[in-house]
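Remarks on the structure that follows.
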Amino acid sequence: MKKIAVIGSGLMGRGIAYAASTNEFQVQLQDISAAALDKAESYIREEMEKAVERGFMTAEVRIESFNRITFTTSLEDAVKEADLVIEAVLEKMELKIEIFKKLDEVCPHHTILATNTSTMSPTEIGAQTSRPDQCIAMHFFNPPHKMKLVEIIRGLNTSDETYEAVRQVAEQMKKETVEVNEFPGFVTSRMNCLIGNEAMNMLMEGVASAADIDKAIKLGLNHPMGPLEMADLVGLDTRLRNMEYLYQTLGEKYRPCPLLTKYVKAGRLGKKSGAGFYNYNLQEGSK
Ligand code: NAD
0 MKKIAVIGSG
10 LMGRGIAYAA
20 STNEFQVQLQ
30 DISAAALDKA
40 ESYIREEMEK
50 AVERGFMTAE
60 VRIESFNRIT
70 FTTSLEDAVK
80 EADLVIEAVL
90 EKMELKIEIF
100 KKLDEVCPHH
110 TILATNTSTM
120 SPTEIGAQTS
130 RPDQCIAMHF
140 FNPPHKMKLV
150 EIIRGLNTSD
160 ETYEAVRQVA
170 EQMKKETVEV
180 NEFPGFVTSR
190 MNCLIGNEAM
200 NMLMEGVASA
210 ADIDKAIKLG
220 LNHPMGPLEM
230 ADLVGLDTRL
240 RNMEYLYQTL
250 GEKYRPCPLL
260 TKYVKAGRLG
270 KKSGAGFYNY
280 NLQEGSK
């Protein structure tokens with residue numbers, strides 16, 4: 000495993016590219032949007048510069064790592080020599096299936112196809128390819144170059160070889176892993192979405208302000224982040240898609256809070272758009 004292609008250069012894709020390149024992998028970062036790729040390139044450059052300033056990385060490693068990443072809008076170029084593809088596009092099943100079908104056509108036979116989905120079924124996605132045994136979910140956390148965990152989710156037909164190869168890649172990226180059998184939302188999203196949705200319901204019901212709900216959960220329950228600031232970080236559009244999928248697959252308990260739907264309709268998508276449950280300095284929020 001030397002060459003990794005990351006499909007989608009948004010919040011997650013750019014961080015996965017960072018984590019891979021700083022741990023010796025050659026990375027092709029692909030997106031259909033040239034503007035998204037430019038933004039990802041600046042983000043990675045700035046994050047690496049900050050890491051040097053703070054003493055986490057030498058200037059030499061920064062240059063080597065950055066040079067290991069190629070930015071491209073061509074899917075074929077990105078994956079033609081890949082040992083592993085990590086898909087990180089929007090949380091939409093039909094889009095993920097379309098991409099996996101294409102990847103199956105253009106990737107070498109040995110390539111493992113992983114999805115960074117937060118909730119969806121790697122079995123269903125893998126079943127659309129001729130290599131379901133080489134399909135798996137690798138669930139990174141936001142921001143992927145800082146968060147320690149990768150949740151690895153086996154589909155029904157995922158082989159032991161695929162699981163082991165992906166576990167070793169995560170380990171080389173200095174991540175801890177957990178092995179999860181497929182079920183909607185896995186371990187982390189199933190829990191986290193429920194907590195976040197309950198916090199949104201409380202805000203809607205006027206139980207407390209956003210700041211006090213988050214403060215109560217942080218200081219009273221010892222969570223490092225409040226559920227509303229966490230949802231803003233994830234992106235409210237992404238969170239709504241997660242909730243809709245969990246509602247569809249797991250039922251009533253996961254019905255998306257109407258306030259979340261309203262914010263997304265208004266374009267309040269959280270930190271990345273400048274406003275969500277909190278307001279952000281636009282420049283900082285756009286990162
Ligand atoms: P995002 O909206 O920030 O980025 C998605 C990117 O995909 C965009 O840059 C978009 O241009 C690109 N894209 C769309 N269609 C494409 C295509 N056909 N080919 C190539 N690129 C395409 O989304 P995100 O927050 O990075 O989420 C990506 C995935 O990761 C989702 O499945 C999400 O559920 C999952 N995830 C998100 C988080 C989080 O905190 N945001 C955490 C874990 C997992």
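Start counting the sequence shown at 0; every next residue gets the next number (numbering that gives the first Met the number 0). Just so you know, even glycine gets a beta-carbon here, dropped at the ideal spot from N, CA and C.
Distance between beta carbons of residue j and residue i, contact taken as under 8 angstroms
i             : j              : result
valine 179    : isoleucine 151 : 7 angstroms
isoleucine 98 : isoleucine 6   : 6 angstroms
arginine 240  : glutamate 90   : 4 angstroms
threonine 161 : isoleucine 212 : Not quite, the Cβ-Cβ distance comes to about 41 angstroms (not below 8 angstroms), so this is no contact.
alanine 87    : asparagine 115 : 4 angstroms
lysine 217    : glycine 225    : 5 angstroms
leucine 249   : proline 183    : 5 angstroms
Best match in the options for proximity to residue i [C-alpha to C-alpha]
i                : options                        : result
arginine 13      : Gly219, Asn141, Glu204         : Asn141
glycine 266      : Arg254, Tyr246, Asp236         : Asp236
threonine 72     : Thr187, Pro183, Ile31, Asn278  : Ile31
alanine 77       : Pro226, Lys2, Tyr246, Lys173   : Lys2
glutamate 164    : Ala4, Asp82, Leu148, His144    : Note on residue identity: the sequence assigns alanine, not glutamate, to residue 164. Comparing Cα positions, the closest option is Asp82.
alanine 16       : Ser158, Lys145, Ala210, Leu268 : Lys145
serine 158       : Phe70, Gly275, Met172, Gln133  : Gln133
phenylalanine 24 : Val84, Lys38, Glu75, Leu202    : Val84
leucine 155      : Ile194, Glu52, Thr122          : Thr122
glutamate 197    : Val177, Leu227, Arg53          : Leu227
valine 263       : His109, Tyr253, Glu243         : Glu243
valine 233       : Leu245, Glu75, Gly195          : Gly195
histidine 138    : Arg130, Ser129, Val149         : Val149
Cβ-heavy atom distance, residue i to the ligand NAD, below 6 angstroms
i              : result
glycine 7      : yes
isoleucine 31  : yes
valine 233     : yes
leucine 10     : yes
asparagine 191 : no
leucine 89     : yes
asparagine 141 : yes
serine 117     : yes
threonine 369  : This structure does not reach residue 369, given that the chain is present from 0 up to 286, and the question cannot be answered.
alanine 58     : no
threonine 237  : yes
alanine 35     : yes
Collapsed DSSP secondary structure at residue i in the structure displayed
i              : result
arginine 130   : coil
glycine 284    : At glycine 284 the pLDDT is 37, less than 50, meaning the model places this residue with poor confidence; the figure from the coordinates comes in the next sentence. Glycine 284: helix per DSSP, three-state reduction.
aspartate 82   : coil
isoleucine 31  : coil
leucine 112    : strand
lysine 91      : coil
threonine 57   : coil
asparagine 290 : Outside the shown range of the chain, which is 0 to 286, sits residue 290, and nothing can be said about it.
lysine 2       : strand
glycine 273    : coil
asparagine 221 : coil
threonine 21   : coil
Legend entry - Those runs of the beta strand (DSSP E) which lie wholly inside the stretch 127-208 and span at least 3 residues: With a minimum length of 3 residues, the continuous beta strand (DSSP E) runs that stay inside the stretch 127-208 are 134-138, 148-153, 175-180.
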